[in-house]
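Each position in the sequence shown, counted from 1, maps to that position plus 204 in our numbering. Yeah, the Cβ is synthetic: ideal placement off N, Cα and C, and Gly gets one too.
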Amino acid sequence: MKTLTYSLLFIVLYGTSAFGQQKVNPIAVEPGVSIELATFRRSLIHDIEYTLNFDIPSGKSENIQATETLSFVLGALNQPLQLDFKQDRDHLTSIKVNGKDFRVNIQNEHILIDAAALAAGRNEIRMNFIAGDASLNRNPDFLYALFVPDRARTVFPCFDQPDLKARFLLTLKVPLQWKVLANAVKKDSVIENNGIVFHFNNSDRLPIYLFSFTAGKYTSVMQKTDGLPAEFLHRETDSLKIKLSVDSIFDAHQNAIRFLQKWTGIPFPFQKVGLVAIPDFQYGGMEHPGEVQYRSSALFLDSGATKDQFISRSSLISHETSHMWFGDLVTMKWFNDVWMKEVFANFMADKVTEKMMGLPTYNLRFLQHYPYAYSVDRTLGANPIRQQLTNLKDAGSLYGDIIYEKAPVMMRQLELLIGKENFRKGVDEYLKKYAYRNADWSDLIAILSKYTKRDLYLWNKVWVNQPGRPELTYTEKDHNNVIQKFVISQHAESGPKRYWPQYFTLTFFYADHQQSIPVNISGPAIDLTAAKGLKAPQYIVFNSNGLGYGIFPFDKKLANALYSLSDPLQRASIYINAYENMLSGKQLSPKDLLLLFLKGLSVEKNEMDLRLLAGNIRSIYWKFITPADRLAMAEKVESSFWQAMQAQSPANNKKILFKGYQDEYMSQEAAKKIYDIWKNQRAPAGVKLTEDDYTELALTIALKTDSNTEVLSQQRDRIKNADRKDRLTFLMPALSPDEKERDAFFYGLADKKNRQKETWVATGLTYLNHPQRQKTSIKYLPESLDLLEEIQRTGDVFFPQSWLTAVFGRYQSKKAYSYVTDFLKKHPAYNPKLKEKILQSTDDLYRAQKGLVN
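Structure below.
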């Protein structure tokens, strides 16, 4: 009911006319951008153009002087117009409204413009200001603008909401030798006063969070991508990575563009293709048209890369390219629907994978969504796909594995429900109807409902508007070894009673054959009539096609037959389901499942399945086995990985197994092996290790062997790339054998300037809180929680979650859990979104207290 009430309020507000707005009460001037302010402005303002000039000096500490002309058409106004600017009075040096000087009035992150200074019709506001630089991500010799979800207002005055799309006319003055990239095509450049001035054409109509640019010491590569001009900026210096990657990166963009143009029937929607590889970028990628930002390490691969890394790169590129249609061409009205652009980007990226790599690879790749979705949906802090949002300043808290991982599962089930072709027709109608405009989930559902007789609103209620997952059970009645009745039931794992309409298969296994039966369940139970009359099977695999969502029965008889199953998709589905059953305290104990998974290391030949096995082993080993048992089992775990590495033939499999050995080793014998490999730069036979791999080896050695105090400084001397050298320098104090130096690293993170490189911070915290350091690091837990609200205010959207995961991810003790419960008791009115993040990130720790650890 709350969700429905909120949605109706939202619709009513958005439907208000400009005439009606004259009668509304004054909109409160409060931090952020409230839904009331956004709705009010959307009803009055349109045809927005920004003309922006930034003078970027070479020194990172020097101010960026800027000018702005903001032009827009305004309806009748009876109260001050709020312009968003999250800076103090000193940053705004002058302002003119419609040609007249105006006294600066900044309150609660807004510039207030008196209604009397504005007119119905076209208005123009000119400003000189000092750009806020936190969201410009300034480094010594490069910077990049990253404004999602509401960070444009931290840099320049604007209407910072997604449904006020605008055009941007940009000019950048940068140091000589710097290169630039932005949303629009470069018009010209002029050398001026020891700098170079770049003028860009007017951009396409964009939501403000997609306005962006980058400038710095980059290498530029130009190519054509399906006939479109394409430019790629990067800072990579490894000649082998460049040789092996650049053409493949352009090819992957071209393949994705061609597929999406054909699937949607809409040509590439923007004026150019542009991408930039950024060292240690906060996300995998960000979809600014004409200037897509990527994490450099995700794009540049070398001869040591595994098949999974190549698939991940292709998927990432397809994801960001899909956004050109889903999110950029058609944009959500409000960030409560941010999941819509992400679900389509992931969903379409998976379709590109299917097109380029075939159905088996697609199915296995798609299955990787499930563990991440379950990692949130099984927790006490589970959130629905669509969430409420009253102020954009809290929009960052909406991001997480539910919108990135559960939503594609939901969308695939929706496609199965409607039918592939009807689904595609509905989506195409949606894109064409709302092109270069904004839409919400109800707009899409209304269109899709025309293509099916099923009640999508009822379906939507359980899949989109509520959190959680089902638990499925079954009853089988046999007579003379023949099935008389087979009933599958479902109930919510937790929370109110509800049922998930979904499709999956179960497979009966016999001595000489197997038989799969499709299941279409929508209510509390289904009598599987197709099973009646069949012989009772030796064992059953539920969700054998990997499409179903929830906890499925695990047949214990599978333990002896698991690795003889020929279908890698079936095995992967079983691996996931067995792990979820273990976490729920059903069927298998952690120790039993660990031993079962260890058996598979030498016989599991599929690379993606082997990676899944190794990841599950790592999780069980460090989170759900007692320290004493871990020590007792260390030799078996080490030898299982090492022997499997020698037994397997594929190079990628060998590398996965070596990585597992590196992560799990504890013995002195293993420590010597690892050190010798690092010191001599001589990998085990058949394993290809790169500079990055040797850096990670050095970090592991420093973590696990305090006596090797020089290993990190020696590794730093080996690194040629300046960005990667800086990363290791940052991490070294977190790996120091000196507790005081580790303390200084952690407590220094309270200062915002030490958290600029968020991926570095998360990595450092992971090492700092590793189980082998927890005796000294457990004292950091209370302050880690105390800092969380500050982390959310100052960090990017994924940082609160990555902060919590890095800190709490491998704790299992009662003392650690008491810090969490004490904190929540002490803060009963704590930000509910952040409370959810805490409960999600500490779910394994919570389960450890329920007697799961053994």
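Taking K681 as reference, the option from Y714, L732, D632, Q706 with the minimal CA-CA separation is L732. Under the three-pair Cβ rule at 8 Å, the segment 577-588 counts as touching the segment 1041-1049.
For V401, the secondary structure class from DSSP, reduced to helix, strand or coil, is strand. CA-to-CA, the gap between D259 and K537 works out to about 32 Å. Under DSSP, Y707 forms a beta bridge with N724. Per DSSP, reduced to three states, the secondary structure at A650 is helical. The C-alpha of D930 is placed about 16 Å away from the C-alpha of V915. Taking each of K383, Q978, Y487, L773 in turn and checking the Cα distance to T711, the smallest one comes out for L773. For the pair L814 and I860, the CB atoms are nearer than the 9 Å cut-off. G623 sits exposed, since fewer than 16 C-beta atoms from the chains shown fall within 10 Å of its C-beta.
By the Cβ test, the segment 484-499 is in contact with the segment 524-536, since at least three Cβ pairs between them sit closer than 8 Å. Residue environment analysis places H717 among the exposed positions, since fewer than 16 neighbouring C-beta atoms fall within 10 angstroms of its C-beta. Apart from sequence neighbours up to five positions away, the residues of its chain that approach S298 with a beta-carbon distance below 6 Å are N332, ordered along the chain. Put simply, the segment 451-460 does not touch the segment 395-408. Fewer than three CB pairs are less than 8 Å apart. Rounded to whole angstroms, the Cβ separation of K840 and M849 is 15 Å, and the two are not in contact under 8 Å. Pairing V668 with Y603 gives a Cβ-Cβ distance that is not under 9 Å. Contact check for W467 against R628 passes: the beta carbons are separated by less than 9 Å. Boundaries for H492: no beta strand (DSSP E) harbours it, and the DSSP string shows neither H nor E there. Of Y783, L985, W1007, N781, the smallest CA-CA separation from S1017 is found for L985. With contacts defined by Cβ atoms closer than 9 Å, V1011 and S988 form a contacting pair. Secondary structure remark: continuous alpha helix (DSSP H) runs of at least 4 residues inside the segment 660-703, in chain order: 660-667. DSSP, read as helix, strand or coil, puts V480 in strand. For A270, same chain residues with a beta-carbon under 8 Å away, outside a window of 5 residues either side, are L256, N257, F258, D259, N332, F333, I334, A335, F360 in chain order.
A buried status is given to Y498, since no fewer than 16 other beta-carbon atoms sit within 10 Å of its beta-carbon.
In this chain, R641 is not harboured by any beta strand (DSSP E), its DSSP state being neither H nor E.
According to the DSSP secondary-structure assignment, F276 is paired through a beta bridge with N327. Going by C-alpha positions, R342 is about 6 Å away from K264. Under the three-state reduction of DSSP output, E313 falls in the coil class, being neither helix nor strand. Rounded to whole angstroms, the gap between the alpha carbons of K545 and Y608 is 10 Å. Per DSSP, the continuous beta strand (DSSP E) segment holding M426 begins and ends at 423-429.
Put simply, the segment 648-667 does not touch the segment 556-576. Fewer than three CB pairs are less than 8 Å apart. Contact between Y254 and L373 holds: their C-beta atoms lie close to 7 Å from each other, under 8 Å. Of the candidates T594, N912, N810, N912 places its Cα closest to the Cα of P941. Counting the other Cβ atoms within 10 Å of the Cβ of S1022 gives fewer than 16, which makes it exposed.
Pairing F950 with D647, the inter-Cα distance amounts to about 47 Å.
Here Y714 is exposed. Its C-beta has fewer than 16 other C-beta atoms within 10 Å.
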